[in-house]
Structure formats: C-alpha cells, structure tokens
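Student:
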Amino acid sequence: NAGVMQNPRHLVRRRGQEARLRCSPMKGHSHVYWYRQLPEEGLKFMVYLQKENIIDESGMPKERFSAEFPKEGPSILRIQQVVRGDSAAYFCASSQGGETQHFGDGTRLSIL
Amino acid sequence: QKEVEQDPGPLSVPEGAIVSLNCTYSNSAFQYFMWYRQYSRKGPELLMYTYSSGNKEDGRFTAQVDKSSKYISLFIRDSQPSDSATYLCAINNAGNMLTFGGGTRLMVKP
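Those protein sequences? They're chains A and B, same order as listed. Here the first sequence is numbered in my numbering, starting from 1 and rising by one per residue. Here the second sequence is numbered in my numbering, starting from 1001 and rising by one per residue.
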C-alpha cells in the first residue's frame, strides 16, 4: 500500500500526558499537512510542512502543539499535556506540491 | 460567516436516484475546488478536482463550478448504496491549506 500511512490508528492518553502522532507520506511526496476533525465538525487545517521546514502553521494552537518533518522518517505531530478538548481525529495528507492532497485514515485520539 | 458552507444533511435517496450536493464559498480568491468522500472511521478520499468554471465528468460523478456565484456542486448519477458516505467540498487558493465545508451525509437506500 503506497498510500499515506498514519499510526497509531487509535491513541488513548490521560490528561497531562503527551501524544505523538506519526505520518508517512505517499511515496514521492515531500509535502505534509495535518488537519484536525473535532466531533460533529469539519476538517480544520493545522500545519503544512516540507522536509525539515514548517511552511505554514497558522492553524496550530499556540501552546502545547508542535510538528516536525525530519529529513529521515515520518512527520510527527506532538501534543504536550493533553486536555479533554484535544480529543479528535487527526488526519495527515501529503502532496507533491500541487493542489491535490491525499489523506491517511487518521489517528483517533481519546483523552481520559 | 464560514468561508465554505455546506448543508450537513443527512440526505436520504433511493438507489438509482440522481444526487446533488452543493457548497457555497465567500472568498473569490479561491481557485481550486475538490470533492472528497469520507466513509465512517476512514480518511477523506479525493473524488474530483477542478480549477475552472464549468463541468467536469468522471464516470457517474460530475463536478460543477460557478465562480460568478461562488457555488460548487457534485452530481452523482445512478446512486448506489456504496455511495453512502459523507461528502466534503474543499477549496484552496495557493496549494497550501484546504478549507473544507462541514460535509453532507448521504444515505442511499436499496
């Protein structure tokens, strides 16, 4: 399967813990995007990265959230000191730099 | 006002019906228009992509864009139960972030 791979599919954390979500883009894609889908809401853009660079983080909460896309390995979305409001589905998409983005099946984060 | 508005439905139709899904948008700078299909517990799957006013057809699906009215549509002919899903319109203007509508839930009944 050469699609966008996200893991884990489901992640349970207690309040105050850290959550790490991983995304491997499609083969040949060097652009990665993270979106969040809250219950009963649409997908909201969070951050856009290329290898080793954050291009646009206008949708990222100012605190506790960070993202990286290192030269080697998957992109990581990191949420520190999670709170109940962080419970959501987090989707990663990738592209070759054009307008079309292809999505993974998401990580469903639950906060106890 | 949201940048992209979409009726949440649910929209329930009998098998074989023609389905019309619609979005309106407010920013005339938007240039690229996409429709995604999302099954429950899965990621959005790209169905159609267009950047100009007019129609684009792919099998049973037709995407229509009217930039003068800021209105986009997706038509599904001969709808099937397997078309039951949430349909998301998505728009961007710079190849970066996509702005999504809230999605319309479609149910096609056998």
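We put the CB at the ideal spot given by N, CA and C, even for glycine. This one's a predicted model, so the numbers in the text were calculated from it and none came from an experiment.
(1) Give me the residue from Gln1064(B), Gly1103(B) and Lys1002(B) with the minimum Cα distance to Asn1055(B).
(2) For a contact defined as C-beta to C-beta under 9 Å, what are the partners of His138(A) on chain B?
(3) Would you mind reading off the limits of the beta strand (DSSP E) that contains Gly42(A)?
(4) In chain order, what residues of the same chain have a beta carbon less than 8 Å from the beta carbon of Arg2(A), not counting five sequence neighbours either side?
(5) Cα-Cα, which of Asp105(A), Ile111(A) and Leu112(A) is closest to Arg9(A)?
(6) Rounded to the nearest angstrom, what separates Arg1037(B) and Glu1045(B) at their Cα positions?
(7) For Tyr1049(B), return the contacting residues in chain A, with the cut-off set at a CB-CB distance below 8 Å.
(8) So that I know if they touch, is there some Cβ in chain A lying closer than 8 Å to that of Gly1102(B)?
(9) Buried or exposed for Asp86(A), please, with buried defined as at least 16 other CB atoms from any protein chain shown within 10 angstroms of its CB.
(10) Using the C-alpha atoms, what's the distance from Glu63(A) back to Gln80(A)?
(11) Taking 7 Å as the limit between beta carbons, can you name the residues of its chain near Val1004(B), skipping five residues before and five after?
(12) Return the residue from the list Ser95(A), Tyr33(A) and Gly97(A) that minimises the CA-CA distance to Ile76(A).
(13) Taking contact to mean at least 3 C-beta pairs separated by less than 8 Å, is the segment 33-53 of chain A in contact with the segment 89-102 of chain A?
Tutor: For this structure:
(1) For this step, residue 1055(B) is matched to residue 55 along the second sequence. Selected option, being the one with the closest Cα: Gln1064(B).
(2) Residue 138(A) is absent from the structure shown; chain A starts at 1 and stops at 112.
(3) Here the question's residue 42(A) lines up with position 42 in the first sequence. It is not in any beta strand (DSSP E) - Gly42(A) carries neither H nor E in the DSSP assignment.
(4) Counted from its first residue, the first sequence places residue 2(A) at position 2. Reading off the sequence, residue 2(A) comes out as Ala, not Arg. Once the five neighbours on either side are set aside, the close Cβ partners of Ala2(A) are Met26 and Lys27.
(5) Position 9 of the first sequence holds residue 9(A). Checked all of Asp105(A), Ile111(A) and Leu112(A); the closest Cα to Arg9(A) is Asp105(A).
(6) In the second sequence, residue 1037(B) corresponds to position 37, counting from 1. In the second sequence, residue 1045(B) corresponds to position 45, counting from 1. C-alpha of Arg1037(B) to C-alpha of Glu1045(B): approximately 5 Å in a straight line.
(7) On the second sequence, position 49 is the one that residue 1049(B) refers to. Correct list: Glu99 and Thr100.
(8) Translated into the one-based positions of the second sequence, residue 1102(B) becomes position 102. Closer than 8 Å: yes.
(9) Against the first sequence, residue 86(A) aligns to sequence position 86. By the 10 Å Cβ count, Asp86(A) comes out buried.
(10) Mapped onto the first sequence, residue 80(A) falls at position 80. Mapped onto the first sequence, residue 63(A) falls at position 63. One C-alpha to the other measures close to 9 Å.
(11) On the second sequence, position 4 is the one that residue 1004(B) refers to. Contacts found: Cys1023, Tyr1025, Cys1089, Ile1091, Thr1099, Phe1100 and Gly1101.
(12) In the first sequence, the residue the question calls residue 76(A) occupies position 76. If we check each option's Cα against that of Ile76(A), Tyr33(A) comes out closest.
(13) yes
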